[in-house]
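Colleague:
Protein chains: 2
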Amino acid sequence: MLGLSVDKNNDISLYIQVYKQIKEKIIRGKLKAETKLPPIRMMANFLDINPATVVKSYDLLKKENLIYQKVGSGTYVMERPLSHSIKNNEELELLDYGQIKLNNHINFASATPGANLFPVDDFKYVLNKILDRDGGEAFTYQKSQGYYPLRESIMDYLFQNDIITDINSIQIVSGAQQAIDLLSKILIDFEDSILISEYTYSGAINAFRARETKMISIPIEIDGMDLDRVEEIVKNREIKFVFVMTSFQNPSGISWSIEKKKRLIQLAERYNFYIIEDDCLSELYYNGEKNGANVAIKSLDKEDRVIYIKSFSKIFMPGLRLAFLVLPEKLMSPILAAKYATDISSSGLNQRVFDFYLREGLWIKHLNKMNKIFSERFKNMKRQIKFLLPDEITLVYEPEGGLYFWLSLPEGKNSEKFYLKALKNKIAFLPGNVFTIDNKINSFFRLSFAALEEEEIKIGIKRLADIAKDFLGNNENKGYTPLL
Amino acid sequence: MLGLSVDKNNDISLYIQVYKQIKEKIIRGKLKAETKLPPIRMMANFLDINPATVVKSYDLLKKENLIYQKVGSGTYVMERPLSHSIKNNEELELLDYGQIKLNNHINFASATPGANLFPVDDFKYVLNKILDRDGGEAFTYQKSQGYYPLRESIMDYLFQNDIITDINSIQIVSGAQQAIDLLSKILIDFEDSILISEYTYSGAINAFRARETKMISIPIEIDGMDLDRVEEIVKNREIKFVFVMTSFQNPSGISWSIEKKKRLIQLAERYNFYIIEDDCLSELYYNGEKNGANVAIKSLDKEDRVIYIKSFSKIFMPGLRLAFLVLPEKLMSPILAAKYATDISSSGLNQRVFDFYLREGLWIKHLNKMNKIFSERFKNMKRQIKFLLPDEITLVYEPEGGLYFWLSLPEGKNSEKFYLKALKNKIAFLPGNVFTIDNKINSFFRLSFAALEEEEIKIGIKRLADIAKDFLGNNENKGYTPLL
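Just so you know, the protein sequences line up as chains A and B, in that order.
Count the first sequence with numbering that gives the first Met the number 0 and you get residues 0 to 483, in order.
Count the second sequence with numbering that gives the first Met the number 0 and you get residues 0 to 483, in order.
1. Taking buried to mean at least 16 other C-beta atoms within 10 Å of its own C-beta, is B:Y273 buried or exposed?
2. Which whole-angstrom value describes the C-beta separation of A:T111 and B:Y140, a residue pair presumed to lie in contact below a C-beta threshold of 8 Å?
3. Tell whether a beta-carbon distance below 7 Å holds between B:I179 and B:A206.
4. What residues from chain A crowd round B:E78, counting only those whose CB sits closer than 7 Å?
5. Between which two residues does the alpha helix (DSSP H) containing A:A203 stretch?
6. Buried or exposed for B:S4, please, with buried defined as at least 16 other CB atoms from any protein chain shown within 10 angstroms of its CB.
7. Excluding the 5 residues preceding and the 5 following A:Y18 in the sequence, name in chain order all residues of the same chain whose CB lies nearer than 7 Å to its CB.
8. Which residues does DSSP pair with A:E220 in a beta bridge?
9. Leaving out the 5 sequence neighbours to the left and right, which residues in its chain are closer than 7 Å to A:Y339 when beta-carbon positions are compared?
10. Taking B:V172 as part of the alpha helix (DSSP H), name the residues at either end of that continuous run.
11. Which stretch, first to last residue, makes up the beta strand (DSSP E) that contains B:V241?
12. If I follow the unbroken alpha helix (DSSP H) through B:I275, where does it start and stop?
13. So if DSSP puts B:P430 in a beta bridge, which residue, or which two residues, is it bridged to?
14. State the DSSP-derived secondary structure class of A:T393, mapped to helix, strand or coil.
15. Verify whether the separation of the beta carbon atoms of B:I436 and B:M214 is less than 7 Å.
16. Straight-line CA distance for A:L30 to B:L326?
17. Label B:K22 either buried or exposed according to how many other C-beta atoms from any shown protein chain fall within 10 Å of its C-beta, with 16 as the threshold for buried.
18. If you count every other CB in all the chains shown that lies within 10 Å of the CB of B:Q159, and 16 or more means buried, which is it?
19. Counting only C-beta atoms, is B:L324 closer than 7 Å to chain A at any point?
20. Can you list, in chain order, the residues of its chain with a C-beta nearer than 7 Å to that of A:P389? Leave out the 5 residues immediately preceding and following it.
21. Threshold first: 3 residues or longer. Then list the beta strand (DSSP E) segments lying entirely within the region 33-89 of chain B, N to C.
22. Could you tell me how far apart the beta carbons of A:F240 and A:G401 are, in whole angstroms, since I believe they sit closer than 8 Å?
23. Use the C-beta contact count for B:D155: other C-beta atoms within 10 angstroms, 16 or more gives buried, fewer gives exposed.
24. Out of curiosity, what's the CA-to-CA distance linking B:L116 and A:G360?
25. Just the chain A side, please: which residues come within less than 7 Å of B:N115 by C-beta, in chain order?
26. Using a Cβ-Cβ cut-off of 7 Å, state whether B:N88 counts as contacting chain A.
27. For B:N106, count the other beta carbons within 10 Å of its own beta carbon; 16 or more makes it buried, fewer makes it exposed. Which is it?
28. Please state if the CB of B:A175 and the CB of B:A322 are separated by a distance shorter than 7 Å.
29. What number of angstroms, rounded off, separates the C-alpha of B:G62 from the C-alpha of B:E211?
30. Beta-carbon within less than 7 Å of B:E230's beta-carbon, same chain only, minus the 5 sequence neighbours each way: which residues are those?
31. Distance cutoff 7 Å, beta carbons only. Does A:K213 sit that close to anything in chain B?
32. Tell me the rounded alpha-carbon separation between A:N87 and B:N167.
33. Can you give me the Cβ contacts of B:M0 inside the same chain, cut-off strictly under 6 Å, excluding the 5 residues immediately before and after it?
34. Please name the residues in the region 30-49 of chain B whose beta-carbon is closer than 7 Å to at least one beta-carbon of chain A, in chain order.
35. Answer with buried or exposed for B:D95, where buried requires no fewer than 16 other C-beta atoms within 10 angstroms of its C-beta.
36. Using a C-beta to C-beta distance shorter than 9 Å, which residues of chain A count as neighbours of B:P317?
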C-alpha cells in the first residue's frame, strides 16, 4: 500500500518509520497533491500495526502541513507551496522575496534601493580609516555578542529614539533575517504557538515554519492588529510571542496607533508572552515630524516584554549584513549560545566600519538624503496610483511613510494570476499570497518603489494600469504603454 | 509534587504539559542535578493522568538529555554541561571555544592567529579596487547562493586541489560554523542518527545538539575513524551522515589514510549516508609535499556522497566570515532555502573583496607566508613538548601539520582539573571534555600554537611543565618559570 513497509526489529519507532516513508514520498513528488491516503484502519491492517500508530504518523505529517483532513472524506496530500517545489533559484528569489534584479523589467517587487543610492565615497573613507587604525585586529574573531564600541554607538542611537537600554542588552547579528531565525531557535519549542499578522514578511514566516511552530494569523486594522482577537486567543492558550512591525508594516504599509501599542504591552504582561518588534523602516516618514505612530513599542516597554530588531543594512546597505537585537535580560545567555552555534559572530570588519560610520554622523547624513529622495517618489507614486490605476483597484491603506503600497483587486480576483500576467508584460510586483502562512490566494498585491527612479515609476504604473484593465476584462485597446 | 499540575481542558497534550513544566524547572535550576524524579505510577496518580502519559513526558526529557535512568534506581535530573549553565559570556567563549584573547595569559587555547599576521595592506588594496570598480553594487543584496564570480574563483581553486565540481554546486556561507548549522537544518530530521568522532569540534557538537539528533561517537585511530565500528553501526541502523575532518583533525591532529578515505566512501554508497567533510587546515602541512593524507575525501568522491566544507576565513581572516560548501545536486535547493531563511546571504562586499583577493593570487601568497611561520612554530613546539613536559604526559599522535597537539595525562587523571590549575597560573589550553558529546571528563588536552610567538611558546611550555609536575604530585620546587 503506497509501497510502505515497517520493520518491527528496527529500533526506530514504528510511527516514525511510517511518517518518514510517507514524508519522503510527498517531498520527492511520488505522492502528488490531493492524493487520498488510505484510511487509518486499512493502513494499520495492511502494515499489521496498531491503528493508534498510524494516527501518530498522520498527526506528525499534519503538523508539518504535508497532509490535511477533509471533513467526512479522509486524509489528503497537501499542495506544496510554490517555494517548496521550485526548480531554480531565480524563481524562488523572485517570487518569494522580490529582491532579485530583473533586467528589462520595471521592478515594483524589490524592497532594495538602487545601487546608485549607496554612499560609496563615505564608506570608502571609513574603511580606510579603520584599516589604518585597527590593522590586523579588524580581521580577528569578534565576540559573539558583537563589537563593544558598536554596541555603545547603538545604545546612543537608541537613546535618541527614546529607547533606553544598556550595552549588555544589545546583540549584533547578520541582518534582520538572522535575528528572526535566532529568536525562533531560542523561543520556539515543541508545539508552541505564536501570533503573526494576517499578511506579513515572508522571511519571518519561513523562519517560524522551519521550527514547526503553530502560527495563528491575526487580522490587521488601520491602526494595527485586531487586539480583541489577540486577547481572545491569549486568554485561552499559551503563546510564546507576537511578531509585529509597527511602522509602515510590510506589506500593508500601516502604522500602529499609540493606544494599540500600549494595549499590546499590557496584554503581554498580563498573559505572559513576548512581543517581537521588527523595525525596518520607522525612519522613513514623509509627513513632517515623527509622531506617536513612529514610536517603537520598545520605547514604551517598562516590563522587558519587547524584543526589538533593527536592521541598519536592510534598506540602506544590504550587502553589509548588519542588524541588532535589544533583548530582555534573561534571553541574553540563550541568544549568545544560539548565535555562537549559528555562525560564531558577525563580520568584525563590517562591525568596526559601521561603528565608525555611525560615530562620524555619516549614517544620519545618509538617512536624510534617502528620506528626501524616497519622500518624492512616494508622493508621486501615490498620485499616479490614484489617477492611473482603474477604479476597481483600491489602495487598502494610506501609508505615511515606508516603501510600500498595498492594493487590492476587486474581491474574489486572484492577485497571483494578475502577477503572472504582469510579469509576462515585464512588470514585477509581489502578489498577496507571498505574505500569508499557507500561500493562500487573495486579491491583494504590494508595490514597492525602493528600486525605481521617478521615470520608471511613472511608466510602470501606466503600464500596470493597462495590464489591469485587460486583466479585469474592460480594456478596449490591448496595446500597452511601451516600456522605457 | 514538584509543583506540577495539568489542565485537562487545555488543548496542549497532557504529556507536553508535564514535559514543559519539568523542563522549565531543570533549565531554571529549580530542579538540581541528581534530583530523583517521582516514579511513573506515583506521578500519574498524583496528577490523575495515565501512566503512559508520564512515560511519554519522561521520554521527551530523556531525548533532550535533561534526565536519565539509573538502572534499578529510578530517573534523575542530568547534570547540565558547563556550557549550558554559564553565567557570563567570557567564561563561555573561553571554556568552550578558546577564541577569546586573554591578557597576560599564554594562550594555547586559541586557534586564531595573532592579528599581526593578517595581510592588512593587501587587503586594503583589494578593498579600494573593489569600491572603485563596483561602486554601490558592492552594497546590494547578493543572491543567496553567493556572488557568481567568487563561486567561479572557488571552482578554479578546487580544481587545483583535485576537486572537480561546477559553479552551481557551490554555496557561499558565513563561516564553517554556518555551513554546519545549515546542513543540520536540512539533513537532520526528527530522531535521526549521525556519526561523529569521539573527540571533535565543539561547535559542530553544539549545532547537532540544537537539532536534537542522536549523536553516536566513533573512536579515532592513528589513520582515521575506526571504520569497523562504523560499519557495524550502519549495518543495523539508518544514519544521515558522518562528520569528519580528515586533515589534521581538531583536536587530535591526525590525518586519515587514503585507504580509510576510500573505504568510507564505499560504506556511504553501500549504506546510503552522506559524508560531511570539514576541511579547515589541509593547506598547513609541514613535511614537504602534499601527500595522500592531505587529499580531501571530496576529491575521491565519484558518487556525490561527500559534502565538502571549506573555510577561507577560519584560520586566516576570521573577521570576514566566509566559507563555502560543495554539495550533491539534490541538496542545492534545500540549502538555498535554508540559507535564505537563516540570513538571506553572506556579506556581498566581503564576497567581492575575497574574490578579487583570490584572483590576484594574494591568497596563495598569504598561505605560503603562513605556512612558513607555522611550520617553524610547529617544529619548535614539538621539540619543547618532548623535552620539557614530564614523561607521564604523552603526545597522543605525531601530527604532520595543522595547528594542534593532542596530549594526554596519565590514565585516570582529570584534564579539566589540570586546565583549571593552569588557568590560575596564567596558562590557557582546552581540556578534552570540551570536545566530547556529553562533556565527559577525560585525560586529554589540546595545545594550539596559532596565536603564539616562538618566545611565548617556549616560556609557556616550560611553565606548563612546572604546573604539570606539581599537578601530578612529583614537583619538588613550586616556583614556576616566570612569565614574560
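No residue lacks a Cβ here, since even glycine has one placed at the ideal position from N, Cα and C.
Modeller: In short, the structure shows the following:
1. Buried, because 16 or more other Cβ atoms sit within 10 Å of the Cβ of B:Y273.
2. The Cβ separation is near 6 Å, so the contact holds.
3. Yes, they are a contact pair.
4. Chain A residues near B:E78: none, gap ~17 Å exceeds 7 Å.
5. For A:A203, the enclosing alpha helix (DSSP H) begins and ends at 201-209.
6. Here B:S4 is exposed: its Cβ has fewer than 16 other Cβ atoms, across all protein chains shown, within 10 Å.
7. Around A:Y18: S56, L59, L60.
8. For A:E220, DSSP records a beta bridge to A:G223.
9. Same-chain partners within the cutoff: S143.
10. B:V172 -> not in any alpha helix (DSSP H); beta strand (DSSP E) instead, spanning 169-172.
11. In the DSSP assignment, B:V241 falls within the unbroken beta strand (DSSP E) covering 240-243.
12. B:I275 -> not in any alpha helix (DSSP H); beta strand (DSSP E) instead, spanning 273-278.
13. B:F444.
14. Here A:T393 sits in strand by DSSP.
15. The Cβ-Cβ distance between B:I436 and B:M214 falls below 7 Å.
16. Spanning the two alpha carbons is a distance of roughly 26 Å.
17. It counts as buried.
18. Counting of Cβ neighbours within 10 angstroms places B:Q159 among the exposed residues, the total staying below 16.
19. Not one beta carbon of chain A lies nearer than 7 Å to the beta carbon of B:L324.
20. Shown here for A:P389: same chain residues with a beta carbon closer than 7 Å to its own, the five before and five after excluded, namely A464, A467, K468, L471 in chain order.
21. DSSP assignment within the region 33-89 of chain B yields the following whole beta strand (DSSP E) runs of 3 residues or more, N-terminal first: 66-69, 73-76.
22. Between A:F240 and A:G401, the beta carbon gap of about 23 Å keeps them out of contact (Cβ cut-off 8 Å).
23. Residue burial annotation: B:D155 is exposed, with fewer than 16 other C-beta atoms found within 10 angstroms of its C-beta.
24. Taken atom to atom, the span from the alpha-carbon of B:L116 to that of A:G360 is near 32 Å.
25. Result: G135.
26. Here the model assigns B:N88 a pLDDT of 37, short of 50, so the residue's position is not dependable, and the following value carries that caveat. True, the Cβ-Cβ gap to chain A drops below 7 Å.
27. Per the 10 Å Cβ criterion, buried.
28. Yes. Within cutoff.
29. The question names Gly, yet the displayed sequence has Lys at residue 62 of chain B. When only Cα atoms are considered, B:K62 and B:E211 end up about 8 Å apart.
30. L266.
31. Chain B, which has no Cβ nearer than 7 Å to the Cβ of A:K213, makes this no.
32. Its pLDDT being 36, under 50, A:N87 is placed unreliably in this model, and the coordinates cannot settle the point.
33. Answer for B:M0: P37, F45, listed in chain order.
34. Here the close residues number zero.
35. Note on B:D95: pLDDT 41, under 50, position unreliable in the model; no value is reported.
36. By Cβ distance, chain A contributes F138, T139, Y140, Q141, I343, S344, G347.
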